[in-house]
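Encoded as structure tokens, the structure appears first; notes follow it.
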Amino acid sequence: MSDVVKFRFDVDGSDFSSAGAASVTVKKKLRQLGYSPDVIRRVSIAMYEGEINMVIHANGGIAEVEASDDKIVIVLADKGPGIPDVELAMQAGYSTAKDHIRNLGFGAGMGLPNMIKYTDDLRIDTVVGEGTTITMTVLI
Amino acid sequence: MKISEIGKLLDAELLAGEEHLDSEVISACCSDMMSDVLAYVKDQGVLITGLINSQVIRTANMMDMICIVFVRGKRPTPEMVELAEECGIAVMCSEKRAFEASGILYAAGLSHSGGH
Ligand SMILES: Nc1ncnc2c1ncn2[C@@H]1O[C@H](COP(=O)(O)OP(=O)(O)O)[C@@H](O)[C@H]1O
Ligand SMILES: [Mg+2]
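Respectively, the protein sequence lines represent chains P and B. With this note's numbering, the residue at position 71 of the first sequence is 74, and numbering never jumps. With this note's numbering, the residue at position 21 of the second sequence is 203, and numbering never jumps.
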């Protein structure tokens with residue numbers, strides 16, 4: 004695998020039923036590319052949490068994944084409301100999700116902590132009123 | 183424990199993944215909160231839930247789980263069953279409540295932790 008393999012997905016923010024579909028596809032592709040189960044699991048969980056966040060908090064966006072020999076980089080970009088207090092948002096258990104989101108099984112405030120836990124690097128670029136871009140790197 | 187034995191113990195109907203009936207699992211997790219499954223599951227092979235949506239299947243796929251038991255008579259949609267087939271996950275439905283289903287499996291030897 005000396006090439007960089009790239010994937011790009013439009014994550015539809017208006018349709019919760021498809022939320023997470025991009026992560027399922029990426030997991031399948033990474034298996035085909037021969038990455039180790041541990042790397043695949045870490046990328047899957049981190050991307051899935053971020054993809055769900057884009058749908059429930061930001062009305063969707065674009066997900067891009069670059070897989071190479073030494074690392075996998077996931078970029079999730081949305082034009083949602085932005086995150087006013089990133090430090091607070093990163094705290095375990097902090098969530099602004101309403102009851103209807105919790106009834107769908109999400110909104111425990113563990114997404115960002117989980118994304119940090121499973122990646123080697125996580126960067127959040129966010130501007131209130133403009134959107135959020137989350138860049139995560141998993142080293143091979 | 184084999185997946186087939188889970189089906190028998192819970193009097194469950196198999197909807198997907200007949201080819202996994204002989205697969206072995208050692209632990210399970212019971213939750214309607216997929217957020218908690220993502221945060222706390224380690225190596226549990228089985229998800230017991232009463233939640234019905236496609237994210238149940240996708241969450242199990244992310245966590246490398248191989249069997250989902252829908253309890254309290256909840257039935258997954260055909261789209262969910264198809265997605266589970268694609269992901270290689272066995273799907274079954276039981277009339278039992280989550281607490282009872284979990285208790286039966288626990289008593290029969292499934293643990294709550296990954297077992298490592
Ligand atoms: N892409 C995003 N756009 C806007 N806000 C976000 C985004 N991702 C996360 N947040 C904010 O950060 C909080 C914490 O996120 P997370 O840890 O994933 O928990 P949860 O999704 O369960 O609420 C969210 O409740 C939300 O307020
Ligand atoms: Mg989240």
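Cβ atoms here follow ideal geometry from the backbone N, Cα and C, with glycine treated the same way.
Separation of GLU133(P) and ALA289(B) (C-alpha to C-alpha, rounded to the nearest whole angstrom) is 53 Å.
Under the three-state reduction of DSSP output, THR241(B) falls in the helix class. ARG279(B) sits in coil when the DSSP states are folded into three classes, being neither helix nor strand. Ranking ILE59(P), ASP13(P), ILE48(P) and ALA22(P) by CA distance to the CA of LYS30(P) puts ILE48(P) first. With a threshold of 7 Å, the Cβ atom of ILE55(P) counts as near ligand 2, since some heavy atom of the ligand is closer than that.
Taking a 10 Å sphere around the C-beta of ALA242(B), we find 16 or more other C-beta atoms and assign the residue as buried. Put simply, the CB of ALA70(P) is far from chain B, with every gap to its CB atoms at 8 Å or more. In the three-state reduction of the DSSP assignment, VAL27(P) falls in the helix class. Taking 8 Å as the threshold, the shortest C-beta distance from GLN237(B) to chain P falls below it. Taking the C-beta atoms as reference points, SER293(B) is found no nearer than 8 Å to SER236(B). For ARG45(P), the closest Cβ of chain B is not nearer than 8 Å.
Not a single heavy atom of ligand 1 lies less than 7 Å from the C-beta of TYR51(P).
Considering only GLU90(P), VAL14(P) and THR99(P), the residue with the shortest C-alpha distance to MET50(P) is VAL14(P). Cβ-Cβ separation between CYS212(B) and ILE239(B): approximately 16 Å, too far for a contact (criterion under 8 Å). Inclusion of SER276(B) and ALA198(B) in the CB contact set at 8 Å is not warranted, their separation being larger than that value. With a cutoff of 8 Å on beta-carbon distance, ALA280(B) and ALA111(P) are scored as not near each other. Using a CB distance cut-off of 8 Å, CYS269(B) counts as an interface residue toward chain P. The CB of ASN117(P) comes closer than 8 Å to the CB of LEU220 and ALA221 in chain B, given here in chain order.
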